[in-house]
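Notes follow once the structure below has been shown.
Residue numbers (my numbering): 75 to 520.
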């Protein structure tokens, strides 16, 4: 045994130097190794311990590589599954677009003219979704209405792109959520009479497009290339709509405040409580915007240092504390009047440009990191139960799931995908009408 252990330690140091041919020829299992040992013993009186150790090391290395390869393949397949748009959702978009063309009801105004004054009525609860996902928007809106004690106060503003406008309009025209009101507006429909507003929006769009091009081209080697390729396939990485959240004041010039929801949410509590949050002069109220030491508790999500590269002088010179908790999109309340009096949007755009020019060293691509910089010191921490994130990555505590107001499926396991956690997916599907002809016809529900 001592001889064996001595050879094992020596061989372990040179395991990475093993001839690939030896590794490939190694047994696939312990049973295979024992069979080889029996064969050798049948011909020789004594085993060469060095040969035994080399065979074991080669076998273990071969098995380890297979295991790692299997894990990587599993993760890669899960990643690809999270990117795909199900056939049912493609079908739904096509069916709704067809309905828009042949059915005048699908083309009716959203909202109807008699409800248009509500769109700028400051006494109502205004909720915004910036999305191109019809099904997700339908669930977010339906769940918020169902959870409201006063749904007639709710006004939803769904901002989408030109490609998704027709099916989005068609859905909400044919599926009214009375007594609440829904407005569907494509980016091409905004009447920005203020030239500065349209110039600002176009600057963001231009910067995101430049970043997308540079990100794909900037590759330092095969591993870096593959990482960037995978990152770039994530829908959120270069989604224009994802970055245009920073233009809420331009979208809603007549509103004093708005609740901003991500589309991958289910609302479980009345949003009126979020609407009435005291922001104490800040621009935004969000879960997670606190210091773990000073405010008690731990970070609900990640810290600033997990979003931003504090080893880069450009970030470290900002004077931010990397140990502070980072807030996140999902369910936030925004004071648009306070935003208009600050330079948040300009700062956001500047840092988008700086990250691109740095070769993306300041943070990995995404719309949140520059917002963390632009809104630093201007975000009010709100009660954690308003927003439960990461349901697309992990199963939450059962009590927390029950108590939370907004369930956020951030992460790859979106609730409209088969890879979603079954229990959580059922919560989301529960807000779809099983008898709806569009949903049944496209296999969204059974």
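By construction, the Cβ of each residue, glycine as well, lies at the ideal position given by its N, Cα and C atoms.
Quantities reported herein were computed from a predicted structural model and do not represent experimental measurements.
{"query": "Closest Cα partner of residue 337 within the set 205, 411, 221, 186", "result": "205"}
{"query": "Pairwise C-alpha distance: residue 461 and residue 481", "result": "6 Å"}
{"query": "Option nearest residue 470 by Cα separation, candidates 519, 492, 498, 479", "result": "498"}
{"query": "contact_flag[the segment 272 to 291, the segment 250 to 258] where n(CB pairs < 8 Å) is 3 or more", "result": "no"}
{"query": "Residue nearest to residue 359 in terms of C-alpha spacing, selected from 335, 450, 456", "result": "456"}
{"query": "Exposed unless 16 or more other CB atoms sit within 10 angstroms - verdict on residue 168", "result": "exposed"}
{"query": "Residue 100 classed as buried or exposed, judged by whether at least 16 other C-beta atoms fall within 10 angstroms", "result": "buried"}
{"query": "First and last residue of the uninterrupted beta strand (DSSP E) at residue 202", "result": "199 to 204"}
{"query": "Beta-carbon contacts of residue 391 that lie in its chain and below 8 Å, excluding the five residues immediately before and after", "result": "none"}
{"query": "Start and end residues, beta strand (DSSP E) containing residue 230", "result": "228 to 234"}
{"query": "In DSSP terms, what residue 290 is bridged to", "result": "According to DSSP, which records beta bridges pairwise, residue 290 is partnered with nothing at all."}
{"query": "Proximity of residue 202 and residue 384 at Cβ, strictly below 9 Å", "result": "no"}
{"query": "Test: residue 231 CB closer than 9 Å to a CB of chain C", "result": "The structure shown has no chain C; it contains just one protein chain."}
{"query": "Runs of beta strand (DSSP E) lying entirely within the segment 245 to 272, each at least 3 residues, in chain order", "result": "255 to 260"}
{"query": "Residues near residue 245 in its chain [Cβ-Cβ closer than 7 Å; skip 5 each side]", "result": "170, 208, 212"}
{"query": "Beta carbon of residue 446 nearer than 9 Å to that of residue 378", "result": "yes"}
{"query": "Residue of 258, 509, 102, 357 minimising C-alpha distance to residue 323", "result": "357"}
{"query": "Three or more C-beta pairs below 8 Å linking the segment 474 to 494 and the segment 435 to 455", "result": "no"}
{"query": "Under the three-state DSSP convention, the category residue 243 falls into", "result": "helix"}
{"query": "Residue closest to residue 398, alpha-carbon to alpha-carbon, out of 410, 224, 376", "result": "376"}
{"query": "Beta-carbon contacts of residue 368 that lie in its chain and below 8 Å, excluding the five residues immediately before and after", "result": "Low confidence applies here, because residue 368 scores a pLDDT of 49, under 50, leaving its location unreliable and the question unanswered by this model."}
{"query": "Cβ-Cβ distance between residue 486 and residue 467 below 9 Å", "result": "yes"}
{"query": "Test item: CB-CB of residue 234 and residue 193 under 9 Å", "result": "no"}
{"query": "Residue 286 and residue 312 closer than 9 Å at C-beta", "result": "yes"}
{"query": "Sequence-distant residues of the same chain with beta carbon closer than 6 Å to residue 403, five excluded per side", "result": "336"}
{"query": "Neighbourhood of residue 196 by C-beta, 6 Å cutoff - its chain only, sequence neighbours within 5 removed", "result": "330"}
{"query": "Chain-order list of residues whose beta-carbon lies under 6 Å from that of residue 528 (same chain, five-residue window excluded)", "result": "Shown here, the chain extends from 75 to 520; a query on residue 528 therefore has no answer."}
{"query": "Sequence-distant residues of the same chain with beta carbon closer than 6 Å to residue 216, five excluded per side", "result": "505"}
{"query": "Member of 381, 478, 374 whose CA lies at the smallest distance from the CA of residue 343", "result": "478"}
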